[in-house]
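Some notes on the structure that comes next.
2 protein chains.
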Amino acid sequence: MTTHTTPAPLPGGLGEMDPLRWGSPDAATDLPQGARDLVEMAFGLSTTPAPEPAPVPASALAEEPLAALRAAVGEEHVLLDDEVRRLRTRGKSTPDLLRARAGDLADAPDAVVRPGSHDDVAAVLAVAVEHHLAVVPFGGGTCVTGGLAARRDGYAGLVSLDLVRMKQLLAVDEESMTATLEPGLRGPEAEALLNERGLMLGHFPQSFQFASIGGFAATRSSGQSSAGYGRFDAMVVGLRVATPRGEWVLGSSPANAAGPDLRQLVLGSEGAFGVITAVTVRVRRLPEVKVYEGWRWASFSEGRDAMRHLAQHGLLPTVLRLSDESETAINLARPDAIGESGTDGACLMIVGHEGTTAQVESRRAAVTEALTALGGRPQGEGPGESWAHGRFDAPYLRDSLLDVGVLVETLETATFWSNAEALYAGVKRALESHLDGALVLCHVSHVYETGCSLYFTVATAQGEQPLETWLAAKSAANDAIVAAGATITHHHAVGTDHKPWLSAEIGDLGASVLRAVKADLDPTGVLNPGVLVP
Amino acid sequence: MTTHTTPAPLPGGLGEMDPLRWGSPDAATDLPQGARDLVEMAFGLSTTPAPEPAPVPASALAEEPLAALRAAVGEEHVLLDDEVRRLRTRGKSTPDLLRARAGDLADAPDAVVRPGSHDDVAAVLAVAVEHHLAVVPFGGGTCVTGGLAARRDGYAGLVSLDLVRMKQLLAVDEESMTATLEPGLRGPEAEALLNERGLMLGHFPQSFQFASIGGFAATRSSGQSSAGYGRFDAMVVGLRVATPRGEWVLGSSPANAAGPDLRQLVLGSEGAFGVITAVTVRVRRLPEVKVYEGWRWASFSEGRDAMRHLAQHGLLPTVLRLSDESETAINLARPDAIGESGTDGACLMIVGHEGTTAQVESRRAAVTEALTALGGRPQGEGPGESWAHGRFDAPYLRDSLLDVGVLVETLETATFWSNAEALYAGVKRALESHLDGALVLCHVSHVYETGCSLYFTVATAQGEQPLETWLAAKSAANDAIVAAGATITHHHAVGTDHKPWLSAEIGDLGASVLRAVKADLDPTGVLNPGVLVP
């Protein structure tokens, strides 16, 4: 951590994330004994060399653009320090961590620029256009798909547009139940500001502690409570965007027929079309009651059928998650208890209800009746509380596992119910055939009337070339996803990592449309070049 | 009606719509006595000259493009008969009817072309590009915003692409609860095909009897049961589109983060980006029970507050509609009883519940408890049944009123709750100040957590220049909508009529993006030229 250039700490003192790991080095914890035993049994324990902070490349920014950036946002908000630039290097995929651990920080920005307002962002974009600088919007830095690794070839420099100063709650409309938030607010900060008024977003992705409002919108984020509170893209009713061609404001109404819904073109645009400078979201009242409980199912497919029943009968709880047999066996839904025995070959489902006391009572009763009728066995609140307690812990665990020679990574997809089993089998087969002796675990984390997501966690021995090994396996998994006709990403976004598979999903015409929109809004291509747009 | 060129009649024998009216001439009914009395009192009765079918302009299509069209879809599917071309002239706005009644059928197509498949549509588009023909997709012909009146200047001819032969239910996936429908299926036809399997869409706009699946998608239609079953754009999970640059298929999953949701760019594109040749929608099981009931509120604003409460507390029924004091006073929600007295200055709300017996019981109990606590007075099922019985009748009533010298038209908008009162007052003022002695009635027809729609019905004496009078009033209403920051259209779409106001809503950059997408997908501009894109 550095000096005056570091922003105020997050609520709870989580601090800044280091390129070498999830969270700050202070947050590193020892591997729980259960997980340690499991790793020893599965892969054998080894210790990887303790990663050393590697030097970042020198800033290549010439004097003229540097002076222009300083004029745009103020000298104190243009940072060239190596440490600050190191903290804005890439995101948090396992390949990102492996590269950083191997001393490769080649994607470090030449400067970190911290605008304080929409107008500041617009001024930075004007400088970027004039001097042909690549601009990478930076919110929480939690991207796991290479979305912060923009192309720099052909540009006069690469600027990290760090939105850390844009953390205001700009407006609250309690009658319409909307709030307007600045993009730099991280999950806990936004919740804290809303909670003061008895309101909340209810958006809790695993990256919640660090991820930002702008990032949620730019990547169509989906959270662990999305069954109840909706995906982030479904919460957004208004957007303010700074583009190289000027300001763009959208959001006349909750819904309308005034042509295509252009909000849905900005959502998911990953900084390639513009920089989101304000997001108006639908908010909810804080729940009076939260109850999380466990249910067991004889098989993954029986559990999925039960989820489908709930979704198709208007019975969705607030949280709904189902681990497959393997994930259940090692307790991955409960990071504090990983490796602890107690499985019976069955699958663990987490069901959470939030709302007023009356709402929770009636919904819980209806869900309990349905799940019981479908053959589920209630496990009480123990597994539910354990899941809730550890819901943001998995990425920290990855760091501990990396330290003992295990490579852990996740990937996710979604499809329609009738295709879920084939997709599950196809991705599992692709991963297992590329990673000898790997553990391939899966859960359903998001559920719709017509389908669901599948979220895979893979653990394997790092071996000699962990990066190359993983990239080959991931590529095979992506091919399997495309072959199954599913989506290349349900909620991790496209970035640079998924881009080669995007055209298979949206078609050559879809790719062409993205290029046309990009060319229209960002004619000189300064916004996150190389990200998203095929 | 003509001979072999006429498609099979609709279920219920509704037949084809005539440019002079809603529905077929056979469907014309006498004005109910109550409405007749009301009109006499308000405007004085007069009788307009019985409209005579006017001649359509001769087809201006040259031999070469005509031969190419015949080669594309078969000679029998390229129709030049005057009567067929007359039936494909414009849509069903009151200005459309007034123009036709005045003998103006200048927008008649040069040919009506009836493709039988996606490949046929693609072949027609290829001919259109080669010969520079303007192509107007035609589904149900119910558009009320000039979306069927494409520009023809500079084109070698104007072709109505009549989707009447594309009426198949292509696929049903009962596990995923999706169905794939061809675009030419009209509302009742699609429901009948799904009903056979115990399924339904649940999409019932007022235009339901004639409007088509393709049109629902192309215009982001919203129905009278959208509170329960969702807007049409929320039902769509997949699309197949024929564009001048080739086929475009979208829909890998219920939702995803694979960049912007491009389905939402096709939905609402009004035939300007491509022709939708198949729509995959989420379907529901047919309800066991339907209950519609009336509630009375002391004022429009109290009733709106109650609607807001339901929406923001997870209590939305299947149908929710609230008439303002004026609309309640003349019983517009019950076309069979218009003009009948019985008002107490209060406002009528229609609340409908559909679902399983258990669902309806529990939801009805919860809604009843909430509405009672908020001061609503239950009116029993009488008003609800009356509304349900007449739910598709208003457009027929318009014809009868036009025949006695009354001009009737509707317009609609939507906004956030905190802006609803100002929007209501602004639009009402604009209409009343332009139309001396007009009745301006309003209801809330669609409700969201963050806001609602406002649907206005205007009745005034036709006077000497009904068309010009109405266009001036409508223009003032649109200005008032824009001034209030609301949407220019909640569910009627943009067409040509709303286009001058679109840029104020989506910004110059939004307009620029629409042009960029249009130029990319339809580089020679043959698709519905002049519609939607500013």
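Respectively, the protein sequence lines represent chains U and H. For the first sequence, the residue numbers in the working numbering are 1 to 534. For the second sequence, the residue numbers in the working numbering are 1001 to 1534. From the three backbone atoms N, C-alpha and C, an ideal C-beta is built for every residue, glycine too. Model, not experiment: these values are computed from the prediction.
Report yes or no: is there a C-beta of chain U within less than 9 Å of the C-beta of H:THR1487?
Answer yes: the Cβ-Cβ gap between H:THR1487 and chain U drops below 9 Å somewhere.
Could you check if U:PRO549 is buried or exposed, using at least 16 other CB atoms within 10 Å of its CB as the buried criterion?
The structure shown does not extend to residue 549 of chain U, since chain U spans only 1 to 534, so no value can be given for it.
According to DSSP, simplified to helix, strand and coil, what is H:HIS1389?
H:HIS1389: helix per DSSP, three-state reduction.
Between the C-alpha atoms of U:TRP248 and U:LEU170, what's the straight-line distance to the nearest angstrom?
Their Cα atoms are separated by approximately 17 Å.
Leaving aside the five residues before and after H:ARG1021 along the sequence, list all residues of the same chain whose C-beta is less than 6 Å from its C-beta, in chain order.
Excluding sequence neighbours, H:ARG1021 sits near ASP1399.
What runs of the alpha helix (DSSP H), each 4 residues or longer, lie entirely inside the stretch 1286-1318 of chain H?
Runs of the alpha helix (DSSP H) inside the stretch 1286-1318 of chain H: 1300-1312.
Restricting to Cα atoms, I'd like to know which of H:ARG1284, H:VAL1458, H:ALA1179, H:ALA1106 is closest to H:PRO1057.
Closest option to H:PRO1057, Cα to Cα, is H:ALA1106.
Could you check how far apart the C-beta atoms of U:LEU441 and U:ASP344 are, in whole angstroms? I think they sit under 8 Å.
Contact doesn't hold; Cβ gap of about 17 Å is too wide.
So is H:VAL1526 in contact with chain U if we call contact Cβ pairs under 9 Å?
Chain U, which has no Cβ nearer than 9 Å to the Cβ of H:VAL1526, makes this no.
Please compile the residues from chain U whose C-beta is within a distance smaller than 9 Å of the C-beta of H:GLY1375.
Within 9 Å Cβ-Cβ: nothing; H:GLY1375 doesn't reach chain U, min ~18 Å.
Excluding five sequence neighbours on each side, which residues of the same chain lie with their C-beta closer than 6 Å to the C-beta of U:VAL458?
So the list reads GLU409, LEU431, ALA438, VAL440, once near-sequence residues are dropped.
Measuring only between beta-carbons, confirm whether U:TRP297 sits less than 9 Å from chain H.
Judged by the 9 Å Cβ criterion, U:TRP297 is not in contact with chain H.
Just checking: is the beta-carbon of U:CYS143 within a distance shorter than 9 Å of some beta-carbon in chain H?
No - not a single Cβ of chain H is within 9 Å of the one on U:CYS143.
Leaving out five residues before and five after U:GLY303 in sequence, what residues of the same chain have Cβ atoms less than 7 Å from its Cβ?
So the list reads TRP297, LEU322, CYS347, MET349, once near-sequence residues are dropped.
Would you mind giving the Cβ-Cβ distance between U:LEU163 and U:GLY146, rounded to the nearest angstrom? I have them listed as a contact below 8 Å.
No, U:LEU163 and U:GLY146 are not in contact; Cβ-Cβ is about 19 Å, not under 8 Å.
Step through the CB atoms of chain U and report whether any lies within less than 9 Å of the CB of H:GLU1063.
No - not a single Cβ of chain U is within 9 Å of the one on H:GLU1063.
Less than 6 Å between C-beta atoms, sequence neighbours within five positions excluded: which residues of the same chain meet that for U:PHE232?
Answer for U:PHE232: HIS203, PHE216, SER221, listed in chain order.
Could you work out which residues of chain H lie near U:VAL494, taking near to mean beta carbons separated by less than 9 Å?
Within chain H, the residues near U:VAL494 are ALA1257, ALA1258, GLY1259.
CA-CA distance, U:VAL444 and U:GLY375?
Using only the alpha carbons, I get a separation of about 18 Å.
Counting Cβ pairs closer than 8 Å, one from the stretch 24-44 of chain U and one from the stretch 126-140 of chain U, do we hit at least three?
No contact exists between the stretch 24-44 of chain U and the stretch 126-140 of chain U.
Apply the 10 Å Cβ neighbour rule to U:GLN206 and answer buried if 16 or more other Cβ atoms are within range, or exposed otherwise.
Flag for U:GLN206 reads buried.
For a contact defined as C-beta to C-beta under 7 Å, what are the partners of H:ILE1177 on chain U?
The sequence given here has Met at residue 1177 of chain H, not Ile. Chain U residues near H:MET1177: GLN312, GLU449, THR450.
Any idea if H:PRO1183 is buried or exposed, counting beta-carbon neighbours within 10 angstroms, 16 or more meaning buried?
Its Cβ being crowded by 16 or more others within 10 Å, H:PRO1183 is buried.
Could you give the distance in angstroms between the alpha-carbon of H:ARG1152 and the alpha-carbon of H:LEU1467?
The straight-line gap from Cα to Cα measures roughly 22 Å.
Inspect the beta-carbon positions of H:VAL1135 and U:ALA257 and report whether they are closer than 9 Å.
No, Cβ-Cβ distance for H:VAL1135 and U:ALA257 is not below 9 Å.
Residues of the stretch 349-360 of chain U with a CB closer than 8 Å to any CB of chain H: list them in chain order, please.
Under the 8 Å Cβ criterion, the stretch 349-360 of chain U contributes GLY355, GLN359.
Among H:LYS1167, H:VAL1127, H:VAL1319, H:GLY1294, whose alpha-carbon lies nearest the alpha-carbon of H:PRO995?
Outside the displayed span of chain H (1001 to 1534) sits residue 995 of chain H, for which this structure offers no information.
Kindly list, in the order they appear in chain H, the residues whose Cβ is closer than 7 Å to that of U:VAL404.
Within 7 Å Cβ-Cβ: nothing; U:VAL404 doesn't reach chain H, min ~31 Å.
From H:ALA1192, H:ARG1090, H:SER1252, H:ARG1197, pick the residue whose C-alpha is nearest to that of U:ALA414; which is it?
Nearest C-alpha to U:ALA414: H:SER1252.
Using DSSP bridges, identify the partner residues of U:SER453.
Answer is U:ALA414.
Give the list of continuous alpha helix (DSSP H) stretches no shorter than 4 residues that lie fully inside the stretch 34-78 of chain U.
The stretch 34-78 of chain U contains these whole alpha helix (DSSP H) runs: 63-73.
State the DSSP-derived secondary structure class of H:HIS1203, mapped to helix, strand or coil.
Looking at H:HIS1203 - three-state DSSP - the assignment turns out to be coil, as it is neither helix nor strand.
With H, G and I counted as helix, E and B as strand and the rest as coil, what does DSSP make of H:GLU1182?
In the structure shown, H:GLU1182 sits in coil (DSSP, three-state: anything other than H, G, I, E or B).
Contact criterion: CB-CB distance below 9 Å. Does H:PHE1416 meet it with respect to chain U?
Yes, its Cβ sits closer than 9 Å to a Cβ of chain U.
Could you spell out the range, first to last residue, of the beta strand (DSSP E) harbouring U:HIS353?
Per DSSP, U:HIS353 belongs to the beta strand (DSSP E) from 347-355.
Kindly provide the ranges of any beta strand (DSSP E) runs that are 3 or more residues long and lie completely inside the stretch 221-247 of chain U, ordered along the chain.
Runs found: 236-243.
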